[in-house]
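Reading through the structure tokens given below for one structure.
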Amino acid sequence: MPQPIGLFGGTFDPIHYGHLRTAFELWQLLRLAEVRFLPAGNPPHREQPLASPELRLRMVRAAVSDQPSFTVDDREMRRGGVSYSVDTLAELRAEYPDRSLCLLLGMDAFLGLPHWHRWRDLLGLAHIVVAHRPGWKAPTQGPLGEVMVDHGTGAIRELHEKTAGCIYVHAVTQLEISSTDLRQLVVAGRDPRYLVPDEVRQILLETQCYSSAQ
Ligand code: ATP
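If you're matching positions, the sequence shown starts at 11 in this note's numbering and goes up one per residue.
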């Protein structure tokens, strides 16, 4: 059985080391073939991104360029309309009918899952791997508590042996960086160095893409 493909979706407005370190640790831990970054074109459940899709994509490409196991998939930007993960996973499932697919989520994103379009269908299409973030605990009650009971696993082996349907929760190094804080920092004229890769920092400084948020 080929190794699973990790799928890391996000707005990436901008991408930062919290995203990259999480993806890297999960790639190593889960023995993923690759981690595919999927920048959302028009994300539901939140305000519109400040940077254009082209610029966010450019920053994601720049951020992963030195890590061959990290790839970028711009299908959500090309598709137009609202970027529903269930549509993306259905497309990928059709392309990889027999492959394990692992949707990688931070705990904050996982806790919002019941608000996602057709969220219960996601586990029919992929596994869900949840990375702990500071201050967030795995749910034990409500709809997510129930799916944890039905789908939770502590065995990485299951993520390799099955193509979809498991939820695996794992702690990653906690880097309390958020795109929201980063945008504010850049707008305030402070230097994002060591919070984002140098290539991304250069793009931020060169384009001043968050200055309209002042
Ligand atoms: P924003 O502050 O604009 O909401 P964000 O920093 O949370 O952005 P997103 O692009 O919304 O970034 O997140 C994409 C994915 O990355 C989500 O699954 C989210 O949980 C995860 N993530 C974001 N920041 C971190 C971090 N510091 N450590 C680990 N995972 C993170």
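Backbone N, C-alpha and C define an ideal beta-carbon position, used for all residues, glycine too.
In the three-state reduction of the DSSP assignment, V140 falls in the strand class, which pools E and B.
A residue is called buried when at least 16 other Cβ atoms come within 10 angstroms of its Cβ; H55 does not meet this threshold and is exposed. DSSP places I213 within a helical segment (H, G or I) once states are collapsed to three. Straight across, the Cα-Cα distance linking A148 with V179 is about 8 Å.
Sorting D23, V70, E57 by C-alpha distance to the C-alpha of V45 places V70 at the top.
Residue environment: V196 is assigned as buried (16 or more neighbouring CB atoms within 10 Å of its CB, all protein chains considered). Distances between the C-beta of L185 and the heavy atoms of ligand 1 include at least one below 7 Å. It is roughly 9 Å from the alpha-carbon of S95 to the alpha-carbon of W129.
Around the CB of E216, fewer than 16 other CB atoms lie within 10 Å, so the residue is classed as exposed. Judged by the Cβ position, G16 fails to qualify as a neighbour of ligand 1 at the 7 Å threshold, every heavy atom of the ligand being at least this far. At least one heavy atom of ligand 1 is found less than 7 Å from the C-beta of L115.
Rounded to the nearest whole angstrom, the C-alpha separation of Y204 and H26 is 9 Å. Per DSSP, the unbroken alpha helix (DSSP H) holding V157 starts and ends at 152 to 161. Relative to the non-hydrogen atoms of ligand 1, the Cβ of F22 comes within a distance shorter than 7 Å of at least one. For S188, the shortest separation between its Cβ and any heavy atom of ligand 1 lies below 7 Å. Distance from the C-beta of A141 to the nearest heavy atom of ligand 1 is below 7 Å.
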